[in-house]
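Visitor:
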Ligand code: SF4
Ligand code: SF4
Ligand code: SF4
């Protein structure tokens, strides 16, 4: 069974950004808020609610994958996609295709930043806003 | 810069609207934070000019490993304090540190004066000067909202702003950072106001490649576990610092009604427990802190008959509760929330604001000032009038309020009542009246705050009184905090960042430091601060403490004036030896 990331406890979020910093460190060997596959933001300043934008792990049809002209995105078992960097031409079509806004674009490498549901960020969330869920394999 | 052998310093000249970037290898030996900020202040301060002269600098600095390890969250600001006319040093959390890190700067030096009200935005590829005329005069929250809507970088930016108090040059105006954090003490808000600078936005839009990811992440995980899996940070995560209200009250250290009393009969009603039960709605964190100690309290206030309510939410902690609560006889959480909100919107330092109102209330009851000056009766516990008084003070309504906005020492020199203007070298007292440790600690601390050397904590943790040990403790702690503040950790995590952990963090990102090196660094920093104080003609043996300190018992019973001055003078001897 595959696992996917769920950010459904965001009411408990304190905005520490530990998830983002650990994601970019592990996945991009970078201290960064830009190169994180999960994006925590406030709606209306710190008085507002914190929200997390992250890949929702679409099953069956993945808009980003469909939009990719070069076949750089492959369906990931259980939901979402995996990026084959070498095939990616950096056109950014996947970015606009994902209406969740979960495909970020790294202007430095000219490649998209897409969550691969690796499970690092929930390990560093102090409030269990994030969790991994076991799902049926879909492909 | 992390992984570089220099510090990247951004100089901003507001008068010429020009910037310059220096790569300073020589600053490496100061590590970061308060170290490099002290050095930059020493180089740029103009002792012959007034603190609010446009040529005076404002320095901001982050630490050597800011934001990339848990709870290393603060930015330090250093300046010439208009309140004490001495070294100004203040810290704020929020997002500023991470945004400066990712904008690519270790420190920012701001000089000059904008030709009209302005704000600046700092990004990795630009510094822009922008018109702030329409928002001049607005509260800190409206200013924040308007800038948020205009600027990019959502989630990756920090917005500093001043309120009317800063614009009108109150000596204890604060700078509000990201709504719930502040450069609170010593009047940085007035420094910004004197430069016509309403706001500073910094946007962290760059990334930094990690050099040795294995080592770094191992260190990160170790520290993260220490912060979240042990109970070291429990107090801050649970009730927060407001847990102190009841303890301080029990011990007889809770400054009450301008320190006429050391216990408050309504302590329970304004305790951390009461806030948690009635008002706490959520907690938030500074960026890269998994603890989340910022307690937000809400109060639902009826503004009309029927079902008409407004909701006020503010961040509260111990210092605010003492200053705007027991110190002025305010005994409910609702009243406190209203006062905090007012102080926030106007942009005052909450501690000083409460303490000057305490002084003014006593001076009013003694007839030193009357309705002619105050426009309304000032009475302990009269919240409605205090709110109006704060507004008058924010707008320099008349000569009296203008003077009051310069601090209680200045006001008492004009109107009398110096014996009960409770301040240390001009800085209004923090909320600890615990014994010789607190009194001496506040006086000799480089910024006259309980955060310099924690003198209060030696009062709390020792039973016998030993003069030499006390001096030794204060001196060592003052030095050690130079290291903690050069990293600019949140001092709540000072037990997490022992020497071993500091070395683990720094060496995992390419430093090669030993314990001796840290000693050496802390000495360079402390000595730099002491040189600045000397340059500004500051002498601890000339500090005159208010009589009130010796009239009201501490938790250890009364403290004696003569002994206190003796202790201060032996600390001075120690400093002389240290500097020679
Ligand atoms: S940016 Fe890369 S992954 Fe995205 S659509 Fe274009 S080629 Fe495909
Ligand atoms: S990136 Fe967006 S479109 Fe693609 S799988 Fe995730 S949520 Fe669906
Ligand atoms: S780690 Fe958790 S609490 Fe912290 S920002 Fe991410 S989701 Fe929020």
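Chains as they are written, first to last, in our numbering: chain U, 949 to 1087; chain P, 133 to 712.
Using N, Cα and C, we set each Cβ at its ideal position, and we do this for glycine too.
For residue 152(P), which beta-bridge partners are listed by DSSP?
Guide: For this step, residue 152(P) is matched to residue 20 along the second chain. Answer is 143(P), bridged to residue 152(P).
Visitor: I need the DSSP call for residue 231(P), collapsed to helix, strand or coil.
Guide: Numbered from 1 along the second chain, position 99 holds the residue referred to as residue 231(P). Helix, per DSSP.
Visitor: Are the segment 262-276 of chain P and the segment 291-298 of chain P in contact at 8 Å, needing three or more beta carbon pairs?
Guide: As far as the Cβ criterion goes, the segment 262-276 of chain P touches the segment 291-298 of chain P, which means the pair count is three or higher.
Visitor: Does the distance between the C-beta of residue 1077(U) and the nearest non-hydrogen atom of ligand 3 fall short of 7 Å?
Guide: Within the first chain, residue 1077(U) is the residue found at index 129, counting from 1. At least one heavy atom of ligand 3 is nearer than 7 Å to the Cβ of residue 1077(U), so yes.
Visitor: Determine the closest residue to residue 569(P) out of 560(P), 583(P), 559(P), 558(P), with distance taken between C-alpha atoms.
Guide: Numbered from 1 along the second chain, position 437 holds the residue referred to as residue 569(P). Checked all of 560(P), 583(P), 559(P), 558(P); the closest Cα to residue 569(P) is 583(P).
Visitor: Could you run through the segment 973-987 of chain U and flag, in chain order, every residue whose CB is less than 9 Å away from some CB of chain P?
Guide: Correct list: 973, 974, 976, 977, 978, 979, 980, 981, 982, 983, 987.
Visitor: Mind checking which residues open and close the beta strand (DSSP E) that includes residue 441(P)?
Guide: For the purposes of this step, residue 441(P) is taken as residue 309 along the second chain, with counting starting at 1. Where residue 441(P) is concerned, the enclosing beta strand (DSSP E) stretches over 440-448.
Visitor: Which chain U residues are close to residue 147(P), counting only those with a beta carbon under 9 Å from its beta carbon?
Guide: Translated into the one-based positions of the second chain, residue 147(P) becomes position 15. The premise fails here: residue 147(P) is roughly 31 Å from chain U at the closest Cβ pair, so nothing lies under 9 Å.
Visitor: So what's residue 333(P) in DSSP terms, helix, strand or just coil?
Guide: Position 201 of the second chain holds residue 333(P). Three-state DSSP puts residue 333(P) in a strand.
Visitor: Assuming residue 1000(U) is part of the beta strand (DSSP E), what are its boundary residues?
Guide: Along the first chain, one-based indexing puts residue 1000(U) at 52. From DSSP, the beta strand (DSSP E) with residue 1000(U) extends over 998-1001.
Visitor: Return the CA-CA distance between residue 987(U) and residue 1069(U), expressed in angstroms with no decimal places.
Guide: Here residue 987(U) is taken as the residue at index 39 of the first chain, counted from 1. Here residue 1069(U) is taken as the residue at index 121 of the first chain, counted from 1. Distance between the alpha carbons of residue 987(U) and residue 1069(U) is about 11 Å.
Visitor: Could you please give the first and the last residue of the uninterrupted beta strand (DSSP E) stretch that includes residue 259(P)?
Guide: The residue you call residue 259(P) lines up with position 127 of the second chain. Unbroken beta strand (DSSP E) run through residue 259(P): 258-263.
Visitor: Along the beta strand (DSSP E) that carries residue 1054(U), what are the first and last residues, could you check?
Guide: Translated into positions along the first chain, residue 1054(U) becomes position 106. That run of the beta strand (DSSP E) goes 1052-1054.
Visitor: Tell me the residue span of the alpha helix (DSSP H) that contains residue 951(U).
Guide: For this step, residue 951(U) is matched to residue 3 along the first chain. It is not in any alpha helix (DSSP H) - residue 951(U) instead sits in the beta strand (DSSP E) that spans 950-954.
Visitor: Closer than 7 Å, Cβ to Cβ, to anything on chain U: give me those residues from the segment 390-417 of chain P, in chain order.
Guide: 415, 416, 417
Visitor: Once DSSP output is grouped into helix, strand and coil, what is the label at residue 987(U)?
Guide: Here residue 987(U) is taken as the residue at index 39 of the first chain, counted from 1. It is a strand residue.
Visitor: Using a Cβ distance threshold of 8 Å, determine whether the segment 494-508 of chain P contacts the segment 466-474 of chain P, with at least three qualifying pairs required.
Guide: no
Visitor: Hey, could you find the ends of the beta strand (DSSP E) residue 404(P) is sitting in?
Guide: Position 272 of the second chain holds residue 404(P). Where residue 404(P) is concerned, there is no enclosing beta strand (DSSP E), although the alpha helix (DSSP H) it sits in stretches over 404-410.
Visitor: Compute the Euclidean distance between the alpha carbons of residue 251(P) and residue 330(P), then round it to the nearest angstrom.
Guide: As a working mapping, residue 251(P) is identified with position 119 in the second chain. As a working mapping, residue 330(P) is identified with position 198 in the second chain. Going by C-alpha positions, residue 251(P) is about 5 Å away from residue 330(P).
Visitor: Using a Cβ cut-off of 8 Å (strictly closer), state whether residue 339(P) contacts chain U.
Guide: For the purposes of this step, residue 339(P) is taken as the residue at position 207 of the second chain. Residue 339(P) counts as touching chain U.
Visitor: Pick out whichever of 658(P), 652(P), 542(P), 647(P) has its Cα sitting closest to the Cα of residue 585(P).
Guide: In the second chain, counting from the first residue as 1, residue 585(P) sits at position 453. Here the closest residue by C-alpha is 658(P).
Visitor: Considering only heavy atoms of ligand 3, does any lie closer than 7 Å to the CB of residue 445(P)?
Guide: In the second chain, the residue the question calls residue 445(P) occupies position 313. Short note on residue 445(P): C-beta not closer than 7 Å to any heavy atom of ligand 3.
Visitor: Listed from N- to C-terminal order along the chain, which residues in the segment 235-265 of chain P have their beta-carbon within a distance smaller than 8 Å of any beta-carbon of chain U?
Guide: none
Visitor: Pair every Cβ in the segment 956-965 of chain U with every Cβ in the segment 1036-1050 of chain U, then say whether three or more of these pairs are closer than 8 Å.
Guide: no
Visitor: Considering only their Cβ atoms, is the gap separating residue 384(P) from residue 376(P) smaller than 8 Å?
Guide: As a working mapping, residue 376(P) is identified with position 244 in the second chain. As a working mapping, residue 384(P) is identified with position 252 in the second chain. Contact flag unset, no.
Visitor: Note down, in chain order, each residue of its chain lying with its Cβ closer than 8 Å to the Cβ of residue 647(P), except the 5 sequence neighbours on either side.
Guide: Working through the second chain from its first residue, we reach residue 647(P) at position 515. 631, 635, listed in sequence order.
Visitor: Would residue 1064(U) count as contacting chain P if we go by Cβ distances under 8 Å?
Guide: Reading the first chain from its first residue, position 116 is the one you call residue 1064(U). No, residue 1064(U) lies away from the interface with chain P (no Cβ there is under 8 Å from its Cβ).
Visitor: Just to confirm the assignment, what range does the beta strand (DSSP E) spanning residue 313(P) have?
Guide: By 1-based counting over the second chain, the position of residue 313(P) is 181. Its beta strand (DSSP E) spans residues 313-315.
Visitor: Could you tell me the alpha carbon to alpha carbon distance between residue 702(P) and residue 682(P), rounded to whole angstroms?
Guide: In the second chain, the residue the question calls residue 702(P) occupies position 570. In the second chain, the residue the question calls residue 682(P) occupies position 550. Near 19 Å, if we compare the C-alpha coordinates of residue 682(P) and residue 702(P).
Visitor: Please say whether residue 618(P) and residue 165(P) have beta carbons closer to each other than 8 Å?
Guide: Mapped onto the second chain, residue 165(P) falls at position 33. Mapped onto the second chain, residue 618(P) falls at position 486. Taking 8 Å as the Cβ cut-off, residue 165(P) and residue 618(P) qualify as a contacting pair.
Visitor: For residue 422(P), does the three-state DSSP call read helix, strand or coil?
Guide: Mapped onto the second chain, residue 422(P) falls at position 290. Three-state DSSP puts residue 422(P) in coil, outside helix and strand.
Visitor: Taking only heavy atoms of ligand 3 into account, decide whether any of them is closer than 7 Å to the Cβ of residue 540(P).
Guide: In the second chain, the residue the question calls residue 540(P) occupies position 408. For ligand 3, not one heavy atom lies less than 7 Å from the Cβ of residue 540(P).
Visitor: Which residues, in chain order, does the segment 950-972 of chain U contribute to contact with chain P at a C-beta distance below 8 Å?
Guide: 962, 963, 964, 965, 966, 969, 970, 972
Visitor: Does the Cβ of residue 1074(U) have 16 or more other Cβ atoms within 10 Å, making it buried, or fewer, making it exposed?
Guide: Along the first chain, read from residue 1 onward, the residue named residue 1074(U) stands at position 126. It is buried - the Cβ of residue 1074(U) has at least 16 other Cβ atoms within 10 Å.
Visitor: Tell me where the beta strand (DSSP E) around residue 223(P) begins and ends.
Guide: For the purposes of this step, residue 223(P) is identified with residue 91 of the second chain, where counting begins at 1. 219-224 is the span of the beta strand (DSSP E), which, as asked, contains residue 223(P).
Visitor: Residue 752(P) and residue 428(P): beta carbons closer than 8 Å?
Guide: Since the first residue of chain P shown is 133 and the last is 712, residue 752(P) is not available in this structure.
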